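Residues are numbered in my numbering as their position in the sequence shown, beginning at 1, plus a constant of 410. We put the CB at the ideal spot given by N, CA and C, even for glycine. Predicted model only: the values in this text are computed from it and were never measured. The structure appears right after this line, and notes come after that.
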Amino acid sequence: MKKTAILTAYLFISLSFSATATSPKRNVAKNSVLDYPTILMEHPYRQLDSLTDSLWGSQVSTYAWKAFFQDNTNAYIVNALNRLQCKEVFVSPGNDQSPKVQDFLQMASSANIAVARLLGENSYVEADNGFPNLEAKMLSFKNAGFTAIHLDIEPHALADYKQNIDLYTERFNTLILLSSQWCAQEGIELSISIPMHTQSSTAALLALLQIKSYIMAYENPNMLSLLNRTATLRDTLQGLYVWVVRAKDFTDLAHLQSAISVLNQNGVYELGIYDIKEMDVRY
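Laid out in structure tokens, this is it:
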């Protein structure tokens with residue numbers, strides 16, 4: 411299944427950009443795609459009857475950046491994740507080889523909290539050959555004991571993105587494909603954060619490769635508006651997505667819970683809240 415998806419994705423990218431006049435042809439190394447295991451491992455979640463059953467109505471994912479990780483003990487972080495009913499955390503700890511990281515992975519596992527190594531770095535799409543550097547970084551994560559990687563690469567944040575959308579989309583899609591291939595080969599689970607205006611070719615590729623996408627539904631607390639805005643994106647992803655809101659976009663806990671009720675009423679139950687530092691302060 412995974413082998414077929416990756417092979418099909420090569421053809422997908424080739425066809426998607428063969429007619430792009432603004433982008434010169436590029437030679438991307440194609441590694442072997444033989445004998446890849448299926449790596450889609452869904453984190454189980456329980457759809458609850460009402461918000462009275464839990465804070466959020468369903469288990470949530472969250473993000474933990476370097477400052478929060480380094481400023482707090484592992485016990486505090488795990489307790490905060492449990493208190494805030496987070497069953498999955500994407501963590502960027504800084505020094506992956508530190509004893510604190512190894513201890514955190516063990517503590518989180520004991521608490522039944524899934525952990526993925528968060529990588530937020532846009533330099534990999536600033537040139538055509540960004541994958542070797544990304545591959546080296548992902549290998550270092552694997553060697554540090556991480557079994558899952560979450561990419562937060564945002565080409566849309568680059569200053570010249572609007573003038574070079576096709577170019578950056580091609581680079582981004584190539585990174586996604588090669589990262590999926592590498593993770594399948596190495597037995598690493600891969601997921602990715604994407605904006606609401608993700609290009610259609612990227613969304614189709616993510617669905618094809620069965621990569622779970624975390625839609626960053628930020629800056630607007632009106633969930634109905636954002637659901638309407640992302641209808642095509644969510645349809646393209648074929649249900650393999652998590653809806654992520656920002657804690658700071660809501661005035662208080664009740665406001666956020668009301669928004670989650672709207673999401674649930676519209677069939678969205680798998681949720682993320684950005685980020686644990688903001689949640690810890692607010693709730």
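Alpha helix (DSSP H) segment containing residue i, residue limits
i: Y486; result: 484 to 493
i: W592; result: 575 to 596
i: Q759; result: The structure shown does not extend to residue 759, since the chain spans only 411 to 693, so no value can be given for it.
i: P542; result: 541 to 553
i: V672; result: 663 to 675
i: A569; result: Note, A569: premise wrong, no alpha helix (DSSP H); not H, not E.
i: A537; result: Note, A537: premise wrong, no alpha helix (DSSP H); not H, not E.
i: N638; result: 633 to 639
Residues sharing a beta bridge with residue i, DSSP
i: W653; result: I625, L681
i: S527; result: Looking at the sequence itself, residue 527 is Arg, so the reference to Ser does not match. Looking at the DSSP assignment, R527 forms a beta bridge with V501, I559.
Pair within 8 Å by beta-carbon distance, residue i and residue j
i: I686; j: F551; result: no
i: S610; j: T646; result: yes
i: V672; j: Y624; result: no
i: V525; j: V501; result: yes
i: L650; j: M606; result: no
i: N492; j: M517; result: no
i: S464; j: Q495; result: yes
i: I598; j: A567; result: no
i: M689; j: A657; result: yes
i: F541; j: P565; result: no
i: N676; j: L636; result: no
i: D562; j: L588; result: no
i: L615; j: I586; result: yes
i: Q648; j: A617; result: yes
i: V499; j: A474; result: yes
i: V488; j: A554; result: no
i: T579; j: T612; result: yes
Boundaries of the beta strand (DSSP E) in which residue i is found, first to last residue
i: T472; result: 470 to 474
i: L600; result: 599 to 605
Exposed unless 16 or more other CB atoms sit within 10 angstroms - verdict on residue i
i: A439; result: Caution is warranted here: a pLDDT of 34 is assigned to A439, below 50, making its placement in the model unreliable, and the coordinate value is therefore given only provisionally. Exposed.
i: K572; result: exposed
i: Q469; result: buried
i: G467; result: buried
i: E629; result: exposed
i: A594; result: buried
i: A569; result: exposed
i: L663; result: exposed
i: N539; result: exposed
i: L634; result: exposed
i: L619; result: buried
i: Y486; result: exposed
i: H560; result: buried
i: S519; result: exposed
Nearest-angstrom Cβ-Cβ length linking residue i and residue j, presumed shorter than 8 Å
i: L600; j: S590; result: 6 Å
i: G504; j: K476; result: 4 Å
Residue i at chain B interface by Cβ criterion, 8 Å
i: M606; result: The structure shown contains no chain B; it is built from a single protein chain.
Contact test: residue i Cβ vs the ligand ZN heavy atom, cutoff 7 Å
i: A657; result: The ligand content of the structure shown is nil, which means the ligand ZN is not present either.
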